[in-house]
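In our numbering, the protein residues as written are 183 to 905. All C-beta atoms, glycine included, are put in the ideal place defined by N, C-alpha and C. Since the model is a prediction, treat every value here as computed from it, not as a measurement.
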């Protein structure tokens, strides 16, 4: 787990080789784009390749060094093939696109000093200053919250105290046990029911001898850049206005509602306010006691949620690429987007689903591009009021004695999807009837989106049938459920509290927005409504991974609308004050949450357990079975990658796997001497751990257990027995 300096170097070089190859491919494929566009997509391609090439070779030879060397050979072949089929790779006469976010001139720039260029760049793109601050903040938090060794123990932060243990266990077990496809080390014999490429990417660094901390963080550094630049690229391309892009960027990454009201109502000097920075998960964006559930993107998604981070690292650039492909009629960009999208299900299933719904919405927008039909404001207000009343009615039924059934809610969600599909079919049929044949525009649309769909399905369907569909079975997964994480309040109250100024802004966009703004929110609205009625996993909270993608577009639309309204006022003082007020109210809760996350610190693994893990790593075989407690911060599973009989239900339940028997057997082995030996033999247990977590069981014959087995480790209240 500690690795070595040489291991860190080799693991880093292996990772960077893929990044370098990705950039070379991007400079070839996107020859006519500017250098920043190429760097962004080069990095995305590099990450995509290291996600998938070692995985493909591991299917043939397990997750071994040989598989990784073979993957590197595949990488070289791909790079050679790309360069070979592009004879103009070294051409210096290629045109450069200047009409998007990362527009900057290729070639020689004016000879100015570094600081002048930095200041000029920030003035032209002020959001880059925000990017630097948020990126550095996140990296700093990772450095402090991921496996920080202090006084012989390991510490974590508030947001990494939970899921990080699971991810560490996936990384270490994949790298150490080398079984592929991987099993749960916390439920041996059960195939991993999780998009594990978000963790195997770190296993590909760890396997070369890098430290666990460095292997965990290194790929995330690049993924974070891809997310933040990808989001900005999309925003800037759509808005073409630095002020609007700036506002949409901070509204998304510093998302927060009105939860801060619960903490400032007694003054900033009160204990009520100070507890934000001292209590566990009592922040303005994560306060379950008051039903504040719309958690901050950085603190609760990008920092702790690896699958979301790596999924968005692919998704946001794909959305930008598709938007650019549609706008500039670049069919070849659909091919690239299709390849990356096809590999998304095993990186982040929610991102893949989000992309599918959004793309259907994009197709509808293209089909209606030339239509000049637009509902009047009174009609839009009436429709909006009707929808809100309907949602409010369903939410009140939910908290009553007679809620709508799960089947009814599921049917409503399906109807939302069917409406989208029906609208697309209608537009196609109407166009053919009106023109008597397929128009050139319709032919182009079918060729572009058809090729994209074929590529995605060819690549994704084997993954979906092999992993996703076989895992997502049973009543815990796809089912009807209304209003996501809200189970106690009315729809409107919950929305106002959680989404704050963004909820108000979206109502204004729906009612008074211009044609561009309305078209912008149509695809994400379908995705949002579907997510309000159908959940796709045991944990209803996880639907926010779909809703946040919609929220990204809502931030763009609201920013565009707000600045358009302020421009009509045409009073600079009013514009400035109104803009600053909107920003403050929109992000104040998030800023407080990030402050709390920065100062949080909790002991994750005690000194005794850490030293026990070091012993196990050095003196046991990678696939040895070890009996431990089922605590979520299980040092054996997380740091050594060894098998334990059963891990925490907080992980396993939400993955939809049956762990009840294993969990019961753990309890029996500790508490029932007459059944112990039979179960120890059943699970082929080699070692037994006794420590503070295990003492939570009622062990009636503690002394007899000690006498019956060999003590191979004993330190700081932790004992390891060998059978």
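Can you name the start and end residues of the alpha helix (DSSP H) that residue 515 belongs to? 513–524
Using only the alpha-carbon positions, how far apart do residue 146 and residue 384 sit? As shown, the chain starts at 183 and ends at 905. That puts residue 146 outside it, with no answer to give.
Between the segment 706–717 and the segment 585–601, are three or more C-beta pairs nearer than 8 Å? The answer is yes - the segment 585–601 touches the segment 706–717, with three or more Cβ pairs under 8 Å.
Cut-off 8 Å between Cβ atoms - residues of its own chain near residue 229, not counting five sequence neighbours on either side: 200, 201, 204, 383, 401, 404, 405, 408, 492, 495, 496
Check whether chain D comes within 9 Å of residue 538, counting only Cβ atoms and requiring the distance to be less than that. Going by chain labels, chain D is absent from the structure shown, which holds only one protein chain.
Is there contact here, the segment 390–399 with the segment 863–882, by at least three beta-carbon pairs under 8 Å? Output reads no: the segment 863–882 does not touch the segment 390–399.
When burial is assigned at 16 or more other CB atoms within 10 Å of the CB, is residue 668 buried or exposed? buried
Should residue 139 and residue 763 be called a contact, given that it needs their Cβ atoms to be closer than 9 Å? Past the boundaries of the shown model lies residue 139; the chain is included only from 183 to 905, so the question cannot be answered.
Using a 10 Å radius around the Cβ and a threshold of 16 neighbouring Cβ atoms, would you call residue 441 buried or exposed? buried
Between the CA atoms of residue 739 and residue 874 - distance to the nearest angstrom: 53 Å
Expressed to the nearest angstrom, what Euclidean distance is found between the alpha-carbon atoms of residue 700 and residue 694? 9 Å
Sort 328, 410, 435, 886 by Cα distance to residue 394 and report the nearest one. A check of alpha carbon separations from residue 394 across 328, 410, 435, 886 identifies 328 as the nearest.
Compare the C-alpha of residue 268 against each of 485, 211, 424, 806 and name the closest. Looking at the Cα atoms, 211 is the closest of the given residues.
Skipping 5 residues on each side, what residues in its chain have a beta carbon closer than 8 Å to that of residue 715? 591, 592, 594, 595, 598, 662, 663, 664
Proximal residues to residue 768 (C-beta, below 6 Å), its chain only, five neighbours per side dropped: 433, 683
Starting from residue 331, follow the beta strand (DSSP E) in both directions and report where the run begins and ends. 330–332
Counting along the chain, where does the alpha helix (DSSP H) carrying residue 242 start and finish? 217–243
Whether residue 781 touches residue 450 by CB criterion (9 Å): no
Considering only the beta carbon of each residue, do residue 316 and residue 436 sit closer than 9 Å? Yes.
Can you give the Cα-Cα distance for residue 387 and residue 800, rounded to whole angstroms? 20 Å
Three CB pairs or more closer than 8 Å across the segment 787–799 and the segment 894–905: yes
For residue 414, count neighbouring Cβ atoms within 10 angstroms of its own Cβ and tell me buried if that reaches 16, exposed if not. Counting every other CB atom within 10 Å of its CB across the protein chains shown gives residue 414 a total of 16 or more, marking it as buried.
Could you work out which residue in 821, 343, 444, 813 is closest to residue 830 when comparing CA atoms only? 813
Contiguous alpha helix (DSSP H) assignments of at least 4 residues, all confined to the segment 760–806: 789–801
Within 9 Å, strictly: CB atoms of residue 534 and residue 340: no
Return the CA-CA distance between residue 428 and residue 304, expressed in angstroms with no decimal places. 11 Å
Presumed contact (8 Å Cβ cut-off) between residue 527 and residue 645, rounded CB distance: With 8 Å as the limit, residue 527 and residue 645 qualify as a contact, their Cβ atoms being about 5 Å apart.
Per DSSP, what kind of secondary structure is residue 285 in: helix, strand or coil? Interpretation of residue 285 is limited by its pLDDT of 49, a score under 50 that renders its predicted location unreliable; the figure taken from the coordinates is listed afterwards. In the three-state reduction of the DSSP assignment, residue 285 falls in the coil class.
Beta strand (DSSP E) segment containing residue 671, residue limits: Unbroken run through residue 671: none, as it is neither H nor E.
So residue 802 and residue 824 are in contact, right, with Cβ under 8 Å, and what is the actual spacing, rounded? 6 Å
If you count every other CB in all the chains shown that lies within 10 Å of the CB of residue 513, and 16 or more means buried, which is it? So residue 513 counts as exposed.
Please determine, among 878, 860, 671, the residue with the shortest C-alpha to C-alpha distance to residue 577. 671
By how many angstroms is the C-alpha of residue 562 removed from the C-alpha of residue 192? 60 Å
Leaving out five residues before and five after residue 522 in sequence, what residues of the same chain have Cβ atoms less than 6 Å from its Cβ? 230, 496, 500
How big is the Cα-Cα spacing for residue 855 and residue 194? Their backbone Cα atoms lie some 49 Å apart in a straight line.
Residue 262 burial status per 10 Å Cβ neighbour count (16 or more: buried): exposed
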